[in-house]
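Okay, so here's the structure we're looking at.
There are 6 protein chains.
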Amino acid sequence: MFHEIDKIETLMEAIPYIKKFQGKTVVIKYGGHAMVNDELKHDVARDVAFLQFAGLRPVVVHGGGPEITGMLKKVNKKSEFVSGMRVTDAETVDIAEMVLAGSINTDIVGLINAHGASAIGLNGKDGNLVIADKMLADVNENGEVKKVDIGYVGEVKKINAGLLNSLLDNGYIPVIAPTGSDGKGGTYNINADIVAGEIAAALKAEKLVMLTDVKGIYGDHKDKSTFVSTLNSEQAKKLMDNGGIDGGMIPKVNACMTALDAGAGKTHIIDGRVKHSILTEIFTDSGTGTEVVK
Amino acid sequence: MFHEIDKIETLMEAIPYIKKFQGKTVVIKYGGHAMVNDELKHDVARDVAFLQFAGLRPVVVHGGGPEITGMLKKVNKKSEFVSGMRVTDAETVDIAEMVLAGSINTDIVGLINAHGASAIGLNGKDGNLVIADKMLADVNENGEVKKVDIGYVGEVKKINAGLLNSLLDNGYIPVIAPTGSDGKGGTYNINADIVAGEIAAALKAEKLVMLTDVKGIYGDHKDKSTFVSTLNSEQAKKLMDNGGIDGGMIPKVNACMTALDAGAGKTHIIDGRVKHSILTEIFTDSGTGTEVVK
Amino acid sequence: MFHEIDKIETLMEAIPYIKKFQGKTVVIKYGGHAMVNDELKHDVARDVAFLQFAGLRPVVVHGGGPEITGMLKKVNKKSEFVSGMRVTDAETVDIAEMVLAGSINTDIVGLINAHGASAIGLNGKDGNLVIADKMLADVNENGEVKKVDIGYVGEVKKINAGLLNSLLDNGYIPVIAPTGSDGKGGTYNINADIVAGEIAAALKAEKLVMLTDVKGIYGDHKDKSTFVSTLNSEQAKKLMDNGGIDGGMIPKVNACMTALDAGAGKTHIIDGRVKHSILTEIFTDSGTGTEVVK
Amino acid sequence: MFHEIDKIETLMEAIPYIKKFQGKTVVIKYGGHAMVNDELKHDVARDVAFLQFAGLRPVVVHGGGPEITGMLKKVNKKSEFVSGMRVTDAETVDIAEMVLAGSINTDIVGLINAHGASAIGLNGKDGNLVIADKMLADVNENGEVKKVDIGYVGEVKKINAGLLNSLLDNGYIPVIAPTGSDGKGGTYNINADIVAGEIAAALKAEKLVMLTDVKGIYGDHKDKSTFVSTLNSEQAKKLMDNGGIDGGMIPKVNACMTALDAGAGKTHIIDGRVKHSILTEIFTDSGTGTEVVK
Amino acid sequence: MFHEIDKIETLMEAIPYIKKFQGKTVVIKYGGHAMVNDELKHDVARDVAFLQFAGLRPVVVHGGGPEITGMLKKVNKKSEFVSGMRVTDAETVDIAEMVLAGSINTDIVGLINAHGASAIGLNGKDGNLVIADKMLADVNENGEVKKVDIGYVGEVKKINAGLLNSLLDNGYIPVIAPTGSDGKGGTYNINADIVAGEIAAALKAEKLVMLTDVKGIYGDHKDKSTFVSTLNSEQAKKLMDNGGIDGGMIPKVNACMTALDAGAGKTHIIDGRVKHSILTEIFTDSGTGTEVVK
Amino acid sequence: MFHEIDKIETLMEAIPYIKKFQGKTVVIKYGGHAMVNDELKHDVARDVAFLQFAGLRPVVVHGGGPEITGMLKKVNKKSEFVSGMRVTDAETVDIAEMVLAGSINTDIVGLINAHGASAIGLNGKDGNLVIADKMLADVNENGEVKKVDIGYVGEVKKINAGLLNSLLDNGYIPVIAPTGSDGKGGTYNINADIVAGEIAAALKAEKLVMLTDVKGIYGDHKDKSTFVSTLNSEQAKKLMDNGGIDGGMIPKVNACMTALDAGAGKTHIIDGRVKHSILTEIFTDSGTGTEVVK
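Chains as they are written, first to last, in the working numbering: chain A, -17 to 276; chain B, -17 to 276; chain C, -17 to 276; chain D, -17 to 276; chain E, -17 to 276; chain F, -17 to 276.
Quick look at the structure:
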């Protein structure tokens, strides 16, 4: 490698971008296709390792819905959903925690470290990283919104930012499974987008980058010409009200706004199916997906 | 509590023991009955939390054989053993890692933290804590010992003691699942006793305490009067040669010797079925189980 | 010791209390019967040493009126008092300093260290710990209050909190004799309760615990049923006005209010005649004496 | 930049090289054509800046013979040489110092900083960086070697490595003009190759890279096929004895050996006329010029 | 030395002054006769070294107008002035930088270090110490003030106080040549008084001491009886308006006001022709020249 | 002060001496006439304060025999001596400790601090500074040397150098009363010369300076012409054997040798009756008294 001058030239071009972000914290919500496709998995791991070598402070938060469903199937446990959220009994939360913390998380950590960086896997219980409370589901019943108990599903109460900063200061990349501790030894399953937003908020991250399986946000999904490059909070709320933003995109946009409200710099919803989309987002002026700003 | 003078007196009696061990590292191999029985689990968690409050630096290494076997059964995967070691194909090592890191480990961390301490779960991949190589099994075939490949079973090549010390310095209790990283993203399953010994060695721990389901070591199992309180390396080797120490006790004694050779202080094989056996061992002159010394 | 499970259980019960106060500063005003009775002296020394082992930051301020009177008698010097304060000429202040710093203070330091802790004796001159000004006595003459010069009796002008924190950070227990420096090499004798209050104030201590020879504060001394468990500043002032609090209790309550005004947590007036009253106060929910709060 | 995937790929390829050298000190002897040609000057400045951004610790030592000669000419001062060394009277050493420290050095510092890095110019007097003694010239007179005084020409007596490490630790790139202090306010002019070697020695640098105007070392200059890729000390001495290495190459090879003897890692004599030769040398396996090893 | 008691007494008298200024930053504008006369040069160097030994944090900013003019003459370059400022073309700014940074600066550093202290020479480019913008000259043309481009003459935009504090913390004395960086590798020549004022401002120096060739400020130059010991900002502005302060004294007084506005303690305009005027100013109650205060 | 140039010159002359000793530890044994005479007391305090301002690390060890005898007389207690050592019963050791720690020590601390420095008084119990064992007296009975118990007289077993270095690092001057702790709360009285020697040894002090009431050591007391400027260990032993050194000078010379054996730099026995003898010794080439070297 690097035998030819033009490759060196490419390195040189990166200087201003590297300089701009050295020492800055970047939270990456990792999920979707990029976590399933084998080649993309390696690429994301290399991207994250590169961020560390270039002097940034990357933090990864991953999801795992499909893998949890897969394991439940294997042990003959059916998945039930209310308002798009998994009903989570004691057995289910145990399996969810096991898959998230013991399979997906260890996998990502192994891949990042295989590229020479030094990642450490965490979940909500580690050092009380994520203290959570039970969250009730909103169920629309005859036009009335009712609160329904769907089991061990949690919402974030407190993040131990000190633990993350101490690991980052010592040169480790935290890789976080989206669970929460009830403070008494029990576990809550939490939406990974929400966890990523709360962590970016607690760290006052320079950037929150959310990998999705779409190009970004559209004013109208069916009309590609309505693609939105930049969106502020007000516009985002309007789009959520009128249904332009819906389904799984809602927690993502909410996570961005949580981070921004707490003082994070910029947030980005990008297409994880595109090779090196993380580096392209950070090391490019134009960027790729939709930027959500305050 | 503490309303009566004699309870305060008990606290006062603890002063010399606390003073003696403040700032010292104690590695606890946690396994067997104490990891299955619900009440004992809580007691061990409290014991470990107490060690931290009293100013010691506890490190926990846990096993998980029965739980792995249980999960394999659940997903209809048979367990096969060669020379007492589990034949570990790719699917098996994935399930082993998942159970160890995602279920047993998170459980222990949650329980310790429920007592107010601050534990962090780790496995061999985290920060390259345990770098491992493939280990072949010794199979005795017609009097000849042959090396047999039994899959993803590893032996410890290198421990990242820096990571553990940095966590301990920051007031966290490392809780370690016995897996190893192959440095390329892959996992090895490793005997937990061996991992505990190597970690005590790498940390030059003051003490290595191994919880078992027996009272300690006997010259002859069948004769309770042959109980051994203190054993030095030479005596231990002799007992292994003549079969006085056999089966699962062999890796435990070997772990003790690994730790001692590297400069650890003292090692103890104690009865995990007895309530508070960890604290009794550390905060008592007489001790309880068998002490293995250099 | 500790051979029996129930003793270990007692240790375990202490966890939440130890956890609550680890790293917190506790100022103890030591005086009265507990400083005279040989057995109580040893008990207080052990209590203070235990606080250090349990991770608290104890600071001791002691008095010494009776011992000063004793030494003055030995050298045939009479003690004279005005409004309850000792008239302190040059010879008297020299003897007071000598007894406080050279006899009582060294004694306490020796006893604490004999229990394995590491105390350091200080007086107001050491590192300019207590800078003082001359204090005049209020004398009621025919209903008019007149200021009278009673010699080398001082009031606190400035505390060198930096010195105390630096010693505490390095694991030493400051034991302080209640004298003050005039900044020119000279000494003032100061009321020990006042010094304790000012030191608790300067350190913004978590607790100020004052040992007395009574159970606490009563609405009416003669009626045991009027015992007051908790007292706020307003109530305290009212009790001082109507004589419910009088004599030597006045500077104690004033010291509590000085500490509270500066941001100290809680203050306690407890019975030093009761064995282990310090530990009982700190490691018990109910407490024992009178708590003075803001 | 970076809009296309293949550019990102180039960045990714650099990871193992960056990782290998992060935190390592690299001393660059900068001189010759690369210091005269305007485009090469900018390239070298960018290369050095890139080394800092990539986490290395670069140190630059520059020469300046031609520029000194130029300035002497401007002020009508003739240059005289003995055994290839400039006869340096008081006026000459003043002009040399002025040109080296006030013109060449400030230029290089300005260019490096224009690329976003943070360089600091130093000369031998700054913080007593280079303490020097007078050096006599060896003059061959009728087969006898005589020592001749040629004025203010020095040899290195002591390097203040502490100053350099302190600047590097704080994120500054030291750029060093090759002068020495006589400890009394006076200046010596010193061969820049020698200074570079001594500084690499004092810092136990990972690498010493010397820019020259040739491809490297040849067994025989006239025969391009005799190019030497790797040379050990013994071979180097032999080549110097038999004239294979001669002229200005001698101090360069000597500097390499000084560095190696003191524990530096590797030394390289490379072609400064080639664009990005510094980065190519460091970030390539094959390397380019001649490597001198122990 | 010191053999006689009265010399020791003199040392003792210095205690309160040394104590008062230990750890305080003093910026010295060095210029005029004291920079030309050989004996005064040594004295100033010793004074500065003494400040360091006595525990102060001295920073030196020097000028160099006459030396620049001298060198320009040597290379047959004429000096042209507009409104008292040198018209500075590319060749002139190169020569100015060379003389300031390569000759005057190295000289001062060498002399200070010859007295055992540890000075480091800096100019505006080093670590981006002084970032500057082009400054236009005000030219009075027929009563109208016009802005005229006089080349590479700059005004201070930003000072890197962090670099200076880091050097001072490590025991080095910064000696600063008055140039500025344009951020792109180019140089501006800047009035040394202005640089000294900006540096005292950026450091919030305890004192700014400006060496001049007069006794201080007079209400009327021609009347020695109008000497002003203390001058506040308002009075200074009035004197500048009515011509009492004019010529080269204007930037000096402006520099004082810049420093004071930013929070510097006191500023002094003193007579550099008097031996040890720096120490006399700092270590004397009465002082010597004119003190400019807020 | 300092108004005249020649006083500034005196300061300047001190530079090389100050530079030589900055950061170095100097232990001063303070006793004899210099501790009794009021003017000398102030001078010593100023000398010690000056050492601190000049950047040295002074440590003071004082004696107090006459003051102890005085207080014993006041309380009608007779002093008894065996082989020149005070027979020290329980009451005597209490009074000795009280006078040393509570009167002499506080006095010295107050005086030093009155000159703006920051001293802290210590005795052997503080932070277990001096751990001691009982010392028996050698009594010559009919030519036979017998060991006799003379009570609470101790010899040094261990010095807590860490405490002293921590105080010195924080800018405090330790002032030490010569007592020892028996580790159980009890006190030993120890010869102050011996304590000074052991402390200089434990700190590997640059200098140990012992104030006496004579000019130094003579080969023959009666013959002033036999004054010894420098003495090595061998010569010292010879002089002790033949009686040239006797009485109170023996422990002083022994203390010097203790210090030297442990790696202290130089030791000096000087005349404390001469004003500023400490500064003269340290800041003079010639020195004054007798220098004892290895």
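All C-beta atoms in this analysis are idealised placements derived from N, C-alpha and C, irrespective of residue type, glycine included.
Exercise for the section: Report yes or no: do three or more beta-carbon pairs, one from the stretch 213 to 220 of chain E and one from the stretch -11 to 7 of chain F, lie closer than 8 Å? Expected result: no
Problem - Three-state class that DSSP yields for proline 233 of chain F in the structure shown - result: Here residue 233 of chain F refers to the residue found at position 251 of the sixth sequence. Residue state, collapsed to three classes: helix.
Practice task
Taking 9 Å as the cut-off, decide whether the C-beta atoms of arginine 39 of chain E and glycine 66 of chain E are in contact.
Solution key: If you number the fifth sequence from 1, residue 39 of chain E lands on position 57. If you number the fifth sequence from 1, residue 66 of chain E lands on position 84. Not in contact: arginine 39 of chain E and glycine 66 of chain E (Cβ atoms no closer than 9 Å).
Problem - Contact check, threonine 169 of chain E vs threonine 88 of chain D, beta carbons under 9 Å - result: By 1-based counting over the fifth sequence, the position of residue 169 of chain E is 187. By 1-based counting over the fourth sequence, the position of residue 88 of chain D is 106. Taking 9 Å as the Cβ cut-off, threonine 169 of chain E and threonine 88 of chain D qualify as a contacting pair.
Problem - CB contact below 9 Å: histidine 258 of chain E versus chain F - result: Residue 258 of chain E sits at position 276 when you count from the first residue of the fifth sequence. Yes, because at least one Cβ of chain F sits closer than 9 Å to the Cβ of histidine 258 of chain E.
Handout entry: Buried versus exposed call for phenylalanine 265 of chain E [16 or more other C-beta atoms within 10 Å across all chains shown]
Key = As a working note, residue 265 of chain E is residue 283 in the fifth sequence. Burial call: buried.
Handout entry: Cβ-Cβ distance between valine 157 of chain A and isoleucine 227 of chain A below 9 Å
Key = As a first step, residue 157 of chain A is located in the first sequence; it is residue number 175 there, counting from the start. As a first step, residue 227 of chain A is located in the first sequence; it is residue number 245 there, counting from the start. Not closer than 9 Å, so no.
Practice task
Taking leucine 150 of chain C as the query, report the chain B residues whose CB atoms sit under 7 Å from its CB, ordered along the chain.
Solution key: As a position in the third sequence, residue 150 of chain C is number 168, starting the count at 1. Chain B residues near leucine 150 of chain C: none, gap ~15 Å exceeds 7 Å.
Exercise for the section: Starting from proline 156 of chain D, trace the beta strand (DSSP E) both ways and give me its first and last residue. Expected result: Working through the fourth sequence from its first residue, we reach residue 156 of chain D at position 174. From DSSP, the beta strand (DSSP E) with proline 156 of chain D extends over 155 to 159.
Exercise for the section: Would you give the residue range spanned by the beta strand (DSSP E) that aspartate 120 of chain B belongs to? Expected result: Mapped onto the second sequence, residue 120 of chain B falls at position 138. Here the beta strand (DSSP E) through aspartate 120 of chain B covers 119 to 123.
Practice task
Spatial neighbours of aspartate 131 of chain B within its chain, please: CB distance less than 7 Å, with the 5 preceding and 5 following residues excluded, ordered by chain position.
Solution key: Within the second sequence, residue 131 of chain B is the residue found at index 149, counting from 1. Answer for aspartate 131 of chain B: Leu118, listed in chain order.
Exercise for the section: Kindly indicate which three-state DSSP category valine 43 of chain D falls into: helix, strand or coil? Expected result: Walking along the fourth sequence from the start, residue 43 of chain D turns up at place 61. Strand at valine 43 of chain D.
Problem - Proximal residues to aspartate 71 of chain A (C-beta, below 8 Å), its chain only, five neighbours per side dropped - result: In the first sequence, counting from the first residue as 1, residue 71 of chain A sits at position 89. Taken in chain order, the residues that qualify are Gly133, Tyr134.
Handout entry: Through-space distance from valine 256 of chain C to methionine -17 of chain B, alpha-carbon basis
Key = The count along the second sequence starts at 1 and reaches residue -17 of chain B at position 1. The count along the third sequence starts at 1 and reaches residue 256 of chain C at position 274. The predicted model places methionine -17 of chain B with a pLDDT of 34, which falls under 50 and marks its position as unreliable, so this point remains unresolved.
Exercise for the section: Could you name the residues of the stretch 16 to 42 of chain F whose beta carbon sits closer than 9 Å to any beta carbon of chain E, in the order they occur along the chain? Expected result: Asp25, Arg28, Asp29, Ala31, Phe32, Phe35, Ala36, Gly37
Handout entry: Alpha-carbon spacing of isoleucine 113 of chain F relative to aspartate 120 of chain B, whole angstroms
Key = For the purposes of this step, residue 113 of chain F is identified with residue 131 of the sixth sequence, where counting begins at 1. For the purposes of this step, residue 120 of chain B is identified with residue 138 of the second sequence, where counting begins at 1. If I take the Cα positions, the gap works out to 58 Å.
Exercise for the section: Only counting runs of 3 or more residues, tell me where the beta strand (DSSP E) segments fall wholly within the stretch 233 to 267 of chain C, in order along the chain. Expected result: 248 to 253
Exercise for the section: Would you verify that the beta carbon of isoleucine -10 of chain D is, or is not, closer than 9 Å to some beta carbon of chain A? Expected result: By one-based count along the fourth sequence, residue -10 of chain D stands at place 8. Yes, its Cβ sits closer than 9 Å to a Cβ of chain A.
Practice task
Compare the C-alpha of glycine 247 of chain C against each of C:Glu123, C:Ser259, C:Lys186 and name the closest.
Solution key: Residue 247 of chain C sits at position 265 when you count from the first residue of the third sequence. Answer by Cα proximity: C:Lys186.
Exercise for the section: For glycine 98 of chain E, go through chain F and note every residue whose CB falls closer than 7 Å to its CB, in chain order. Expected result: One-based indexing of the fifth sequence puts residue 98 of chain E at position 116. Simply Ile(-3), Pro(-2), Lys1.
Practice task
Tell me whether asparagine 171 of chain F sits in a helix, a strand or coil according to DSSP, three-state version.
Solution key: By one-based count along the sixth sequence, residue 171 of chain F stands at place 189. Note: asparagine 171 of chain F maps to strand in three-state DSSP.
Handout entry: Any C-beta of chain B under 9 Å from that of alanine 309 of chain A
Key = Coverage of chain A is limited to positions -17 through 276, which leaves residue 309 of chain A absent and any answer about it impossible.
Practice task
On a CA-only basis, which of D:Asn95, D:Ile232, D:Lys189, D:Val177 is nearest isoleucine 260 of chain D? Give me that one, please.
Solution key: As a position in the fourth sequence, residue 260 of chain D is number 278, starting the count at 1. With distances taken between Cα atoms, isoleucine 260 of chain D lies closest to D:Lys189.
Problem - Identity of the residue in F:Thr(-8), F:Ile86, F:His24, F:Ile(-10) nearest glycine 254 of chain F by Cα - result: To locate residue 254 of chain F, count along the sixth sequence from 1; it is residue 272. The shortest C-alpha separation from glycine 254 of chain F is found at F:His24.
Practice task
Kindly indicate which three-state DSSP category glutamate 188 of chain D falls into: helix, strand or coil?
Solution key: Looking up residue 188 of chain D in the fourth sequence gives position 206. Here glutamate 188 of chain D sits in coil by DSSP.
Exercise for the section: Give a yes or no on whether 9 Å exceeds the smallest Cβ distance from glycine 93 of chain E to chain F. Expected result: As a first step, residue 93 of chain E must be located in the fifth sequence, where it is residue number 111. A small correction: the amino acid at residue 93 of chain E is leucine; glycine does not occupy that position in the sequence shown. Not closer than 9 Å to any Cβ of chain F, the Cβ of leucine 93 of chain E fails to qualify, so no.
Exercise for the section: Examine chain D for any beta-carbon lying closer than 9 Å to the beta-carbon of leucine 145 of chain E, and answer yes or no. Expected result: Residue numbering aside, residue 145 of chain E sits at position 163 when the fifth sequence is read from its first letter. Cβ-Cβ to chain D under 9 Å: yes for leucine 145 of chain E.
Practice task
Leaving aside the five residues before and after leucine 93 of chain F along the sequence, list all residues of the same chain whose C-beta is less than 7 Å from its C-beta, in chain order.
Solution key: By one-based count along the sixth sequence, residue 93 of chain F stands at place 111. Lys23, His24, Ala27, listed in sequence order.
Practice task
Would you decide whether lysine 206 of chain D is buried or exposed? Buried here means 16 or more other CB atoms lie within 10 Å of its CB.
Solution key: Numbered from its first residue, the fourth sequence carries residue 206 of chain D at position 224. Its Cβ having fewer than 16 others within 10 Å, lysine 206 of chain D is exposed.
Exercise for the section: Use the C-beta contact count for valine 75 of chain F: other C-beta atoms within 10 angstroms, 16 or more gives buried, fewer gives exposed. Expected result: Sequence index remark: in the sixth sequence, residue 75 of chain F carries index 93 (1-based). Valine 75 of chain F should be labelled buried.
Practice task
Give a yes or no on whether 9 Å exceeds the smallest Cβ distance from threonine 262 of chain C to chain B.
Solution key: Translated into the one-based positions of the third sequence, residue 262 of chain C becomes position 280. Answer yes: the Cβ-Cβ gap between threonine 262 of chain C and chain B drops below 9 Å somewhere.
Handout entry: 8 Å Cβ shell around phenylalanine 99 of chain C - same chain, five flanking residues per side excluded
Key = Along the third sequence, read from residue 1 onward, the residue named residue 99 of chain C stands at position 117. The sequence given here places alanine at residue 99 of chain C; phenylalanine does not occur at that position. If we look at alanine 99 of chain C and ignore the five residues flanking it on each side, its Cβ neighbours are Val30, Ala31, Gln34, Phe35, Ile155.
Practice task
Show which residues of chain B have a CB atom less than 8 Å away from the CB atom of leucine 111 of chain C.
Solution key: To locate residue 111 of chain C, count along the third sequence from 1; it is residue 129. Ordered by position in chain B, no residue passes the 8 Å Cβ test against leucine 111 of chain C, which lies about 28 Å from the chain.
Practice task
Determine the contact status of alanine 241 of chain E and valine 81 of chain E, defining contact as a CB-CB distance below 9 Å.
Solution key: As a position in the fifth sequence, residue 241 of chain E is number 259, starting the count at 1. As a position in the fifth sequence, residue 81 of chain E is number 99, starting the count at 1. Going by C-beta atoms, alanine 241 of chain E is not nearer than 9 Å to valine 81 of chain E.
Problem - heavy atom of the ligand FMN below 8 Å from serine 215 of chain A C-beta - result: As for the ligand FMN, it is missing from this structure, which has no ligand bound.
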